[in-house]
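Step one of this worksheet: look at the structure below.
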Amino acid sequence: MTVAIDLQAKVEDLRRAFSALRGLLDEHVVGHREVKDALLLALICREHVYVEGPPGTAKTRLSEMVSLGSRLGFFFYQLHRDTRLAELVGDTVLERRELEPEEGGGERIHQRIEPGGILTAEICVLDDISRAPGEALNVLLRILNERKFGEQTIPLMTAIATSNPMDDEYYNEPLDPANIDRFALQLRVHGLIQSGAEEARELVDRFAEGAVLEHPEPAPVVNREAFDLALDLLAEVEVPPAVRGGLVDVLRTLVLEHDCTEENSLLTDRSFLVKAVKMMKGRALLAGRTEVVPEDLAVLSRMTTFRVPQDVHAEVPAVIGRVISKLG
Ligand SMILES: Nc1ncnc2c1ncn2[C@@H]1O[C@H](COP(=O)(O)OP(=O)(O)OP(=O)(O)O)[C@@H](O)[C@H]1O
Ligand SMILES: [Mg+2]
Numbered sequence: 000m001t002v003a004i005d006l007q008a009k010v011e012d013l014r015r016a017f018s019a020l021r022g023l024l025d026e027h028v029v030g031h032r033e034v035k036d037a038l039l040l041a042l043i044c045r046e047h048v049y050v051e052g053p054p055g056t057a058k059t060r061l062s063e064m065v066s067l068g069s070r071l072g073f074f075f076y077q078l079h080r081d082t083r084l085a086e087l088v089g090d091t092v093l094e095r096r097e098l099e100p101e102e103g104g105g106e107r108i109h110q111r112i113e114p115g116g117i118l119t120a121e122i123c124v125l126d127d128i129s130r131a132p133g134e135a136l137n138v139l140l141r142i143l144n145e146r147k148f149g150e151q152t153i154p155l156m157t158a159i160a161t162s163n164p165m166d167d168e169y170y171n172e173p174l175d176p177a178n179i180d181r182f183a184l185q186l187r188v189h190g191l192i193q194s195g196a197e198e199a200r201e202l203v204d205r206f207a208e209g210a211v212l213e214h215p216e217p218a219p220v221v222n223r224e225a226f227d228l229a230l231d232l233l234a235e236v237e238v239p240p241a242v243r244g245g246l247v248d249v250l251r252t253l254v255l256e257h258d259c260t261e262e263n264s265l266l267t268d269r270s271f272l273v274k275a276v277k278m279m280k281g282r283a284l285l286a287g288r289t290e291v292v293p294e295d296l297a298v299l300s301r302m303t304t305f306r307v308p309q310d311v312h313a314e315v316p317a318v319i320g321r322v323i324s325k326l327g
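So the sequence shown is numbered by numbering that gives the first Met the number 0: it starts at 0 and just counts up by one.
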């Protein structure tokens with residue numbers, strides 16, 4: 000009994016810490032509720048997140064705010080078409096070494112990387128990721144995926160990547176779906192003008208009143224301890240059998256009724272039978288719960304954005320809704 004109370008108290012501490020971070024995002028950015036939710040979820044679960052949308056829709060601002068609001072080692076990098084790998088992983092240093100007489104004497108110059116950038120950061124923003132040339136991008140994405148550089152495990156917890164849409168005039172180097180698969184959470188963001196008058200008006204009001212700052216510098220509101228606590232608590236959250244069945248049900252519905260095949264979709268076991276469970280647990284923790292509920296299946300919507308055809312993705316919330324009501 001005391002153990003259960005103790006657990007609930009820790010979960011409440013964690014919920015409070017992350018809700019302060021949410022407050023910081025709300026203070027600086029109007030709207031974009033789904034992106035804010037996904038950023039918090041990525042952080043609490045230590046997963047990577049990809050945010051795609053047209054220019055000027057606060058992608059960079061949100062990514063920066065959530066990073067600065069977390070007391071973690073932070074690396075921000077704006078990718079461009081001449082980005083070289085060295086700029087992402089640290090500096091290349093040349094070292095001169097005297098050779099021993101038995102090595103033939105003289106000296107040798109060798110090159111090594113002094114780790115920096117994504118190799119030493121705990122959270123990083125990879126802004127405009129699709130602008131990077133393929134060569135640097137491939138190595139970068141492999142590091143994100145393996146969380147290793149050579150044999151060395153890196154401290155990176157969450158990478159946040161932003162990009163303009165690939166399928167229109169902002170198109171740069173298209174990231175192929177296998178690359179976007181490195182990001183457990185994937186979001187498509189729209190401008191407030193497109194989303195509705197209410198939030199658009201709120202941004203106008205805030206700007207008119209001077210509440211939108213050009214260069215805000217928020218202080219961190221979530222400590223390192225909260226991230227460690229989150230890791231411990233994720234292991235404690237219960238996933239009832241009915242929700243486990245619901246997860247499989249949603250995925251099987253996408254395959255059987257929406258024609259998601261291995262050719263047109265990336266519904267991998269790793270992402271959807273393993274990571275999705277962690278995401279549901281993370282969503283429960285953010286709500287201050289020690290148990291996953293059917294509504295937590297909503298994470299599947301943010302996991303499928305670029306992994307199923309766009310018309311199918313539009314149906315995902317309805318599929319989830321039907322499965323939830325069956326479970327209800
Ligand atoms: N919803 C919003 N709330 C508050 N400020 C906003 C919002 N949308 C845009 N802004 C303002 O617009 C600026 C531009 O946003 P930001 O640079 O983050 O856009 P972006 O999506 O990264 O664009 P790009 O694709 O061109 O890089 C922000 O710094 C902020 O001042
Ligand atoms: Mg930007």
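We treat Cβ as the ideally placed atom computed from N, Cα and C, and that holds for glycine. For clarity, every value in this text was computed on a predicted model and none was experimentally measured.
Those residues which DSSP pairs with residue i across a bridge
{"i": "S162", "result": "E51"}
{"i": "L184", "result": "V48"}
{"i": "D90", "result": "E113"}
{"i": "R223", "result": "Per DSSP, none; premise fails for R223."}
{"i": "R107", "result": "R96"}
{"i": "Q77", "result": "D126"}
{"i": "F148", "result": "Q151"}
{"i": "T1", "result": "According to DSSP, which records beta bridges pairwise, T1 is partnered with nothing at all."}
{"i": "T157", "result": "I122"}
{"i": "E290", "result": "E237"}
Nearest neighbour of residue i, chosen from the options [CA to CA]
{"i": "K280", "options": "I179, D258 and V238", "result": "V238"}
{"i": "P308", "options": "D295, C259 and S300", "result": "C259"}
{"i": "L61", "options": "V247, L20 and I43", "result": "L20"}
{"i": "R181", "options": "G195, P154 and N144", "result": "N144"}
{"i": "P217", "options": "R15, S66 and S18", "result": "S66"}
{"i": "G336", "options": "L24, V249 and S264", "result": "Given that the chain is displayed from residue 0 to residue 327, the structure contains no residue 336 and the question cannot be resolved."}
{"i": "V50", "options": "H31, G104, P219 and G68", "result": "H31"}
{"i": "S162", "options": "Q151, R146, H189 and G149", "result": "H189"}
{"i": "F74", "options": "A286, A317 and D126", "result": "D126"}
{"i": "R141", "options": "I117, R251, L24 and P164", "result": "I117"}
{"i": "L299", "options": "D5, K58 and A275", "result": "A275"}
{"i": "A85", "options": "G104, I43 and A135", "result": "A135"}
{"i": "P54", "options": "R45, E261 and P164", "result": "P164"}
{"i": "P176", "options": "P219, E235, S129 and L265", "result": "L265"}
{"i": "V10", "options": "V322, L212 and I43", "result": "I43"}
Chain-order list of residues whose beta-carbon lies under 8 Å from that of residue i (same chain, five-residue window excluded)
{"i": "A41", "result": "H47, V48, T157, I159, A183 and L184"}
{"i": "Q7", "result": "T289"}
Other residues of its chain near residue i: CB distance less than 6 Å, five sequence neighbours each side excluded
{"i": "V273", "result": "none"}
{"i": "L340", "result": "Residue numbering for the chain in the displayed model covers 0 to 327; residue 340 lies beyond these limits and cannot be assessed."}
{"i": "A37", "result": "V48, L184, L186 and R301"}
{"i": "P114", "result": "G89"}
{"i": "R96", "result": "R107"}
{"i": "V271", "result": "It should be pointed out that residue 271 corresponds to Phe in this sequence rather than to Val. So the list reads L250, once near-sequence residues are dropped."}
{"i": "A131", "result": "L78 and T82"}
{"i": "T252", "result": "V318"}
{"i": "I153", "result": "L118 and R146"}
Exposed unless 16 or more other CB atoms sit within 10 angstroms - verdict on residue i
{"i": "Y170", "result": "Summary for Y170: the model assigns pLDDT 48, below 50, so the residue's position carries little reliability, and this model does not support an answer."}
{"i": "V2", "result": "exposed"}
{"i": "H27", "result": "buried"}
{"i": "G149", "result": "exposed"}
{"i": "V92", "result": "exposed"}
{"i": "T267", "result": "exposed"}
{"i": "E208", "result": "exposed"}
{"i": "S324", "result": "exposed"}
{"i": "D295", "result": "buried"}
{"i": "N137", "result": "exposed"}
{"i": "N178", "result": "buried"}
{"i": "F17", "result": "buried"}
{"i": "R223", "result": "exposed"}
{"i": "L98", "result": "exposed"}
{"i": "I192", "result": "exposed"}
{"i": "K147", "result": "exposed"}
{"i": "R306", "result": "buried"}
{"i": "V221", "result": "buried"}
{"i": "T56", "result": "buried"}
{"i": "P293", "result": "buried"}
{"i": "G327", "result": "exposed"}
{"i": "G245", "result": "buried"}
{"i": "R282", "result": "buried"}
Cut-off 7 Å between Cβ atoms - residues of its own chain near residue i, not counting five sequence neighbours on either side
{"i": "H312", "result": "T303 and T304"}
{"i": "R111", "result": "V92 and E94"}
{"i": "H257", "result": "V311 and E314"}
{"i": "M64", "result": "L23, L24, H27, V28 and P217"}
{"i": "E262", "result": "none"}
{"i": "E201", "result": "V29"}
{"i": "R80", "result": "R130 and P132"}
Output the residue ranges of the alpha helix (DSSP H) runs that lie fully inside the stretch 10–69 and measure 4 residues or longer, sorted by chain position. 32–44 and 58–67
I'd like the ranges of any alpha helix (DSSP H) spanning at least 4 consecutive residues and lying wholly in the stretch 233–258. 240–256
Taking only runs of the alpha helix (DSSP H) that begin and end inside the stretch 265–313, which ones reach a length of at least 4 residues, in chain order? 275–285 and 298–302
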